[in-house]
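Single-structure report; data block below.
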Amino acid sequence: MHPMIMFSRINKWYGEYQALTDITAEVQRGEVVVLCGPSGSGKSTLIRTVNRLEDVQQGQILFDGHDVNGTDANVNRLRSRVGFVFQSFNLFPHLSVLDNIILTPTKVRGLKNSEARARAMELLDRVGLAHKAGAYPAQLSGGQQQRVAIARALAMEPPVMLFDEPTSALDPEMVGEVLSVMKGPWPKRA
Numbered sequence: 001m002h003p004m005i006m007f008s009r010i011n012k013w014y015g016e017y018q019a020l021t022d023i024t025a026e027v028q029r030g031e032v033v034v035l036c037g038p039s040g041s042g043k044s045t046l047i048r049t050v051n052r053l054e055d056v057q058q059g060q061i062l063f064d065g066h067d068v069n070g071t072d073a074n075v076n077r078l079r080s081r082v083g084f085v086f087q088s089f090n091l092f093p094h095l096s097v098l099d100n101i102i103l104t105p106t107k108v109r110g111l112k113n114s115e116a117r118a119r120a121m122e123l124l125d126r127v128g129l130a131h132k133a134g135a136y137p138a139q140l141s142g143g144q145q146q147r148v149a150i151a152r153a154l155a156m157e158p159p160v161m162l163f164d165e166p167t168s169a170l171d172p173e174m175v176g177e178v179l180s181v182m183k184g185p186w187p188k189r190a
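Counting along the sequence shown from 1, when you hit position 30 you're at 30 in full-length UniProt numbering, and nothing is skipped either side.
Shown next as structure tokens:
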């Protein structure tokens with residue numbers, strides 16, 4: 001069985017600055033990997049290459065056996081299979097919590113609205129925010145917004161979840177609640 005993600009001799013430059021140098025690594029299905037390093041060491045850049053938010057100049061990235069940078073790569077399909085949670089939440093401010101979560105499953109996966117709502121409510125219950133389904137992002141704390149962002153990413157039932165400094169913008173007392181949500185347990189995709 002092939003790795004879920006495979007990096008092979010990845011190199012990335014921003015002008016003269018080389019952000020990634022010959023990165024080679026594999027991530028197996030179900031494996032939890034943490035990238036640690038100082039600011040500017042390329043952690044965010046590397047995980048952003050998995051779903052082509054950043055392109056690489058050299059090397060190969062395979063996701064579930066498929067070349068991410070290949071000419072036949074379907075970027076939209078790839079992004080629908082990679083859950084990504086950023087430090088800045090990126091919730092749509094004009095949509096309720098529930099609508100933030102159901103938007104992508106209905107528009108991208110074609111899920112029926114009723115099914116998407118039921119799944120969203122399950123996820124909101126799991127992250128302890130079912131009572132906030134009708135609230136808007138501005139009405140939530142930072143920790144609550146981040147838990148909604150995690151639920152939104154999980155609503156697509158991705159085989160891979162990527163987190164880019166998901167607790168760095170939070171007050172210290174909010175970090176624990178977000179980490180407990182990230183740890184799961186989460187149901188396996190059928």
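Think of the CB as a built atom: it goes at the ideal place given N, C-alpha and C, for glycine as much as any other residue.
Quick check on DSSP: helix, strand or coil for residue i?
i           : result
residue 161 : strand
residue 34  : coil
residue 127 : coil
residue 20  : strand
residue 83  : strand
residue 90  : coil
residue 72  : coil
residue 98  : helix
Whose C-beta lies closer than 8 Å to the C-beta of residue i among residues of the same chain, with five residues either side of it excluded?
i           : result
residue 147 : 127, 128, 129, 177, 178, 181
residue 13  : 19, 57
residue 155 : 101, 102, 104, 105, 116, 119, 120, 123
residue 80  : 104, 108, 109, 156, 158
Spell out the partners DSSP gives residue i in its beta bridges.
i          : result
residue 11 : 58
residue 26 : 6
Can you give me the Cβ contacts of residue i inside the same chain, cut-off strictly under 7 Å, excluding the 5 residues immediately before and after it?
i           : result
residue 78  : 51, 52, 63, 68
residue 88  : 169
residue 121 : 130, 133
residue 65  : 2
residue 153 : 83, 84, 85, 161
In the DSSP assignment, find the alpha helix (DSSP H) that holds residue i and state where it starts and stops.
i           : result
residue 205 : Residue 205 is absent from the model: the chain starts at 1 and stops at 190.
For residue i, collect the residues of the same chain with a Cβ closer than 6 Å to its Cβ; drop the 5 residues on either side in sequence, then sort them by chain order.
i           : result
residue 111 : 105
residue 8   : 24, 59, 60
### Task
Enumerate, from N- to C-terminal direction, the unbroken alpha helix (DSSP H) stretches of 4 or more residues contained entirely within the stretch 43–68.
43–50
### Minimum length 4: unbroken alpha helix (DSSP H) runs contained in the stretch 101–156
113–126, 142–154
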